[in-house]
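Trainee: Protein chains in written order, with the working numbering: chain L, 1 to 109; chain E, 110 to 209.
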């Protein structure tokens with residue numbers, strides 16, 4: 001029991017440290033694309049570490065299954081939203097149109 | 110169901126406070142950002158932090174239906190950003206066509 005709580009506390013502490021690094025990066029970097037790069041740290045590793053810590057605490061219950069579903073859904077949807085934000089920055093800020101570049105074009109979202 | 114010792118309770122409360130502070134820092138970033146894409150990035154970050162906060166809160170309260178709220182929150186974030194991106198890009202393209 002105590003070992004389980006220790007492992008969970010270590011995992012959640014690591015997750016909070018990763019989130020702190022990510023927020024530091026959001027403040028230090030200047031451009032929107034660089035900030036996107038720093039913010040992706042929370043979406044992947046911070047989420048995984050905190051969810052793993054809570055999963056160790058819960059054991060095999062429905063709570064853990066819902067945590068796994070949450071991690072799967074967020075790992076699928078967060079890259080899509082990052083892609084959309086980067087595309088918006090390219091089109092409106094830098095005047096590059098990704099749909100009219102050479103090669104296989106993107107779909108018109 | 111969920112095991113809870115006083116040390117673990119204090120630790121989880123501290124983590125909740127730190128996540129709340131992180132949300133406030135992201136709010137500062139969203140107010141300060143020079144362009145609106147910076148603000149959208151900060152908004153995305155706030156959404157992920159709030160999802161983590163809801164996860165820890167659902168363990169502290171011992172009620173697993175809050176996880177459903179977290180999953181829906183993540184899906185709504187994607188929907189909001191897709192809608193915002195589409196509206197912004199189409200508006201920008203229409204303005205550029207009118208200018209040229």
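The beta-carbon is built from N, C-alpha and C at its ideal position, and this holds for glycine as well.
According to DSSP, simplified to helix, strand and coil, what is residue 27 of chain L?
Mentor: Here residue 27 of chain L refers to the residue found at position 27 of the first chain. Of the three classes helix, strand and coil, the one that applies to residue 27 of chain L here is helix, per DSSP.
Trainee: Return the chain-ordered list of same chain residues with a C-beta closer than 6 Å to the C-beta of residue 162 of chain E, the five sequence neighbours on each side being excluded.
Mentor: What you label residue 162 of chain E is simply residue 53 of the second chain in a count that begins at 1. The residues are 128.
Trainee: Going by Cα to Cα distance, which pick from L:82, L:95 and L:51 is closest to residue 7 of chain L?
Mentor: Numbered from its first residue, the first chain carries residue 7 of chain L at position 7. Considering only alpha carbons, the answer is L:51.
Trainee: Got a sec, what are the start and stop residues for the alpha helix (DSSP H) residue 62 of chain L sits in?
Mentor: Taking the first residue of the first chain as 1, we reach residue 62 of chain L at position 62. Residues 62 to 93.
Trainee: Since residue 10 of chain L and residue 22 of chain L are thought to touch, with beta carbons under 8 Å apart, how far apart are those beta carbons, to the nearest angstrom?
Mentor: Position 10 of the first chain holds residue 10 of chain L. Position 22 of the first chain holds residue 22 of chain L. Rounded, the Cβ-Cβ distance is 19 Å, inconsistent with contact.
Trainee: Is there a Cβ of chain L sitting closer than 8 Å to that of residue 198 of chain E, yes or no?
Mentor: Translated into positions along the second chain, residue 198 of chain E becomes position 89. So, interface residue.
Trainee: How would you list, in chain order, the residues of chain L whose beta-carbon sits under 9 Å from the beta-carbon of residue 191 of chain E?
Mentor: In the second chain, the residue the question calls residue 191 of chain E occupies position 82. Chain L residues near residue 191 of chain E: 80, 81, 84 and 109.
Trainee: According to the neighbour-count rule (16 or more other Cβ atoms, all chains shown, within 10 Å of its Cβ), is residue 35 of chain L buried or exposed?
Mentor: Against the first chain, residue 35 of chain L aligns to sequence position 35. So residue 35 of chain L ends up on the buried side.
Trainee: Between L:61, L:73, L:96 and L:46, which has its C-alpha nearest residue 112 of chain E's C-alpha?
Mentor: Numbered from 1 along the second chain, position 3 holds the residue referred to as residue 112 of chain E. Cα-wise, what sits closest to residue 112 of chain E is L:61.
Trainee: Which class does residue 115 of chain E belong to by DSSP, given the choice of helix, strand or coil?
Mentor: Here residue 115 of chain E refers to the residue found at position 6 when the second chain is read from its first residue. Correct three-state label for residue 115 of chain E: helix.
Trainee: Please report whether the beta-carbon of residue 35 of chain L lies at a distance below 8 Å from any beta-carbon of chain E.
Mentor: By one-based count along the first chain, residue 35 of chain L stands at place 35. Closer than 8 Å: yes.
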